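Heads up: the protein sequence lines correspond to chains A and B, in order.
Quick note on our numbering: the first sequence kicks off at 1 and runs consecutively.
Quick note on our numbering: the second sequence kicks off at 1 and runs consecutively.
Heads up, the beta-carbon is just placed ideally off N, CA and C, and yes, glycines get one too.
On a predicted model such as this, the values are computed, not experimentally measured, just so you know.
Structure first, commentary second.
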Amino acid sequence: MATRDTTVGAQPGAIRLRAEGTRWGEVAVKGVLAFCALVSVATTVGIVIALLLPSIEFFREVSIVDFFTDDRWAPLFEPASYGVRPLLAGTFTVTFWASLVALPFGLGAAVYLSEYASPRARGILKPALEVLAGIPTVVFGFFALTFFTPLLQDLGLDVGTFNVLSAGIVIGVLLIPTVASISEDAMAAVPQELRDGAYGLGASKLQVSTRIVIPAAVSGIVASFVLAISRAVGETMVVLLAAGGIAQLTLDPREPSQTMTAFIGATGIGDVPTGSIEYKTIFAVGLTLFVITLFMNMVSIRLVRKYREVYE
Amino acid sequence: MSVPTAALGRRPRGDRVRGTLFYIVLLISVAVGFILLFTLLADVVQKGVGYLDPIFFTEPSSSNPDNAGARPAILGTIYLMLLLLVMVVPIGVGTAIYLEEYADRERWYNRLLELNIQNLAAVPSIVYGILGLAFLVRGIGLGRVLLAGALILTLLVLPTVIVAAREAIRAVPDSIRQGAFALGATRWQVVSRQVLPAAIPGIATGSILALARAIGETAPLLLVGALTYVAVNPTLLGSFTALPIQIYQWIARPQEEFRLLAAAGIIVLLVILLTMNAFAIWLRNRYQRRW
């Protein structure tokens with residue numbers, strides 16, 4: 001807010017428009033509003049503290065080197081082993097298959113909505129995509145476990161009741177709206193003159209889409225990709241239900257595997273005693289998950305700003 | 001790019017074929033999501049509709065699928081929704097007003113605040129569950145109660161409400177603010193009597209969509225401990241369960257009958273969510289003004 005000029009004229013005796021005293025009601029209102037804004041700051045601080053303190057205790061008992069280099073995750077077994085790599089491998093495989101579905105189809109849907117769809121088709125398809133985005137993930141988990149995995153088995157794939165492939169593909173589909181809506185926003189921000197210029201030179205719609213619009217919107221598209229990948233990494237319910245609960249160091253999508261989120265979920269459900277090492281594993285894994293997604297979110301936010309700055 | 005050889009005539013055949021193929025690929029991209037959506041809905045309805053009887057709405061869960069219902073879970077979800085409404089809307093709208101009408105964008109702390117909110121919106125929901133477990137359930141010893149669940153869901157969807165409310169407030173043209181200021185109104189008078197009334201439809205739409213998202217959330221509630229057998233109606237400081245948790249619990253059981261029961265629960269949950277979505281869209285179309 002710019003400061004408004006409160007006096008008229010500069011000579012002495014000019015009419016003063018400044019308020020005579022402080023309006024305490026106004027100050028109080030601003031204070032209340034700023035307090036509301038502080039809630040979200042407190043949330044972030046709370047998350048960091050909640051993750052960091054028990055994690056520090058955890059790493060007093062388990063060496064951080066073992067955490068990242070051991071290839072067995074078995075906190076509940078004797079002898080216990082705390083190598084996070086199997087959980088990272090599970091997360092990576094799920095994310096890989098989800099991205100394989102979400103990124104191309106999301107981008108295709110965005111190009112269609114932005115460049116090809118009639119206003120009427122767009123008016124129907126965009127809210128319908130919002131509906132898809134609004135379906136709870138536990139429902140997708142149910143679908144992956146009771147419909148999609150049996151379907152894959154019927155198709156002759158050698159997958160078990162719990163497997164990464166089914167969970168990954170279903171997560172991919174639920175992320176299509178994320179990729180499509182952010183990419184489409186970026187494409188809508190590309191000035192019409194760029195398209196018109198290309199059409200004037202005789203370019204076809206395919207050429208305008210792939211050589212003008214997509215390159216011009218690339219930072220927004222990459223932002224949508226990064227955000228979708230970050231969501232796949234953080235997705236819990238589908239993997240908890242459909243990917244099984246065995247942490248194993250494998251990249252084979254037909255096998256069951258446990259992700260970081262599924263481990264947190266599975267352990268947090270039970271009544272692990274506060275202060276026990278099992279309890280602290282939740283936070284060590286949670287911190288790893290938080291750092292990975294935080295990094296990706298920051299990249300995504302940066303990229304979205306970039307295209308906004310260029311065209312808006 | 002090569003110069004088109006037939007600049008004023010028909011395009012080369014290869015170009016047209018490629019164009020058509022590209023169009024088909026795009027259509028498939030759009031279709032994938034919808035095919036899955038319809039398969040999912042058909043599958044759930046076909047599996048679950050048989051269990052949607054009065055027992056489902058009047059009885060608690062049971063080890064016998066034929067007597068099992070979701071009354072405590074449905075009530076839990078309704079209570080969560082009401083608590084959320086009371087907590088998240090005032091805080092979210094308050095933050096949005098602060099950022100849009102009071103905050104000086106040039107100040108570092110206000111920019112940090114915005115970045116913080118953008119980032120919170122993308123934190124995985126299970127991390128909020130960890131926050132609830134550490135601070136509410138164990139830290140201050142609130143225990144696995146309804147209030148803890150409601151507080152965590154509040155923090156989870158707060159960024160969504162803030163973003164929606166900010167957009168609604170920003171859509172109110174500046175000329176209205178300037179007009180009110182010129183008549184001698186204070187900042188709060190401008191905000192409370194001019195800006196907010198004009199922004200209410202947008203704020204309501206965004207808040208309902210955020211609430212719909214919140215009550216479908218499962219992962220954070222798992223961690224604050226809604227996964228207990230609850231046969232009584234939920235109270236604010238008592239143990240509770242909610243519809244998505246009940247669904248999860250039923251899916252996780254090995255018997256086929258419980259999966260069908262889960263499908264019935266999903267139908268109820270989706271009907272609630274779609275009703276909220278439809279109401280939000282109706283509100284937007286009915287009351288939103290274009291300036």
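(message) I want to verify the contact list: residues of chain B whose CB lies under 8 Å from the CB of M298 of chain A, in sequence order.
(response) N119
(request) Taking all protein chains shown into account, decide if T3 of chain A is buried (16 or more other Cβ within 10 angstroms of its Cβ) or exposed. (result) Annotation note: pLDDT 48 at T3 of chain A (below 50); position unreliable, no value reported.
(message) Between which two residues does the alpha helix (DSSP H) holding D154 of chain A run?
(response) 149-154
(message) If the criterion is Cβ atoms closer than 8 Å, does the pair A167 of chain A and V84 of chain A meet it?
(response) no
(message) Taking the alpha carbon of A262 of chain A as the reference point, which residue from A:I56, A:L289, A:S118 has its own alpha carbon closest?
(response) A:L289
(request) Give me the Cα-Cα distance between G275 of chain A and L223 of chain B, rounded to the nearest whole angstrom. (result) 16 Å
(message) Could you check whether the Cβ of S2 of chain B sits closer than 8 Å to any Cβ belonging to chain A?
(response) At S2 of chain B, the pLDDT of 49 sits below 50, so the modelled position is not reliable; the number obtained from the coordinates is stated separately. Closer than 8 Å: no.
(request) Output the distance between the C-alpha atoms of R289 of chain B and P201 of chain B, rounded to the nearest integer angstrom. (result) 9 Å
(message) Could you compute how far the alpha carbon of P75 of chain A sits from the alpha carbon of R60 of chain A?
(response) 15 Å
(message) Beta-carbon within less than 7 Å of Q246 of chain B's beta-carbon, same chain only, minus the 5 sequence neighbours each way: which residues are those?
(response) S61, A70, A73, G265
(message) Please list the terminal residues of the continuous alpha helix (DSSP H) segment that includes P159 of chain B.
(response) 146-170
(message) With a threshold of 7 Å on Cβ separation, who are the neighbours of V93 of chain B within its own chain once the five nearest residues in sequence on each side are excluded?
(response) A165, I203
(message) Taking its Cβ as the centre, do 16 or more other Cβ atoms sit within 10 Å of L221 of chain B, making it buried, or is it exposed?
(response) buried
(request) Give the DSSP-derived three-state secondary structure of D5 of chain A in the structure shown. (result) With a pLDDT of 49 at D5 of chain A, under the threshold of 50, the predicted position of this residue should be treated as unreliable, though the coordinate-derived value follows. In the structure shown, D5 of chain A sits in coil (DSSP, three-state: anything other than H, G, I, E or B).
(request) Report the rounded CA-to-CA distance for A6 of chain B versus S204 of chain A, giving the unit in angstroms. (result) Because the pLDDT at A6 of chain B is just 48, under 50, the model does not fix this residue reliably, and the point stays unresolved.
(message) Whole angstroms are fine: how far does the CA of T44 of chain A sit from the CA of V88 of chain B?
(response) 16 Å
(message) On the criterion of 16 or more Cβ atoms from any shown chain inside 10 Å, does V123 of chain B qualify as buried, or is it exposed?
(response) buried
(request) Return the chain-ordered list of same chain residues with a C-beta closer than 8 Å to the C-beta of L283 of chain B, the five sequence neighbours on each side being excluded. (result) P201, A204, T205, I208
(request) Give the interface partners of S125 of chain B over in chain A, defined as CB-CB distance under 8 Å, in chain order. (result) G234, T236
(request) Determine the chain B residues that contact P273 of chain A at a beta-carbon separation under 9 Å, and present them in chain order. (result) Correct list: empty, because the minimum Cβ distance to chain B is about 10 Å.
(message) Can you give me the C-alpha to C-alpha distance between G149 of chain B and G132 of chain B, rounded to a whole angstrom?
(response) 8 Å
(request) Determine the extent of the alpha helix (DSSP H) in which T20 of chain B is found, giving its start and end residues. (result) 13-48
(request) Say whether chain E places a C-beta atom closer than 8 Å to the C-beta of P254 of chain B. (result) Chain labels in this structure do not include chain E; the protein chains are A and B.
(request) Could you tell me if Y109 of chain B is buried or exposed, where buried requires 16 or more neighbouring beta carbons within 10 angstroms of its beta carbon? (result) exposed
(request) Counting only the same chain and skipping the five closest in sequence on each side, list residues whose C-beta sits under 6 Å from that of S300 of chain A. (result) A223, V226, L227
(request) Give the single residue among A:T91, A:R195, A:L294 whose Cα lies nearest to the Cα of G244 of chain A. (result) A:T91
(message) Rounded to whole angstroms, what is the Cα-Cα separation between G172 of chain A and G21 of chain A?
(response) 60 Å
(request) Closer than 7 Å, Cβ to Cβ, to anything on chain B: give me those residues from the segment 28-40 of chain A, in chain order. (result) V29, K30, V32, L33, A34, C36, A37, V39, S40
(request) Answer yes or no: do I292 of chain A and V233 of chain A have a C-beta to C-beta separation smaller than 8 Å? (result) yes
(request) Go ahead and pull the three-state DSSP assignment for A262 of chain B. (result) helix
(message) Between W188 of chain B and chain A, is the shortest Cβ-Cβ distance under 8 Å, so that the two count as touching?
(response) yes
(request) Indicate whether L206 of chain A and W97 of chain A have their beta-carbon atoms separated by less than 8 Å. (result) no
(request) Just the chain A side, please: which residues come within less than 7 Å of V25 of chain B by C-beta, in chain order? (result) G108
(request) Figure out for me which residue from B:A134, B:V49, B:L151, B:L120 has the closest Cα to the Cα of V86 of chain B. (result) B:L151
(request) Taking a Cβ distance cut-off of 8 Å, strictly less, list which residues of the segment 120-139 of chain A are near chain B, in chain order. (result) L125, P127, A128, L129, E130, V131, L132, G134, I135, P136, T137, V138, V139
(message) For chain B, check one thing: does any of its Cβ atoms lie closer than 8 Å to the Cβ of G245 of chain A?
(response) no
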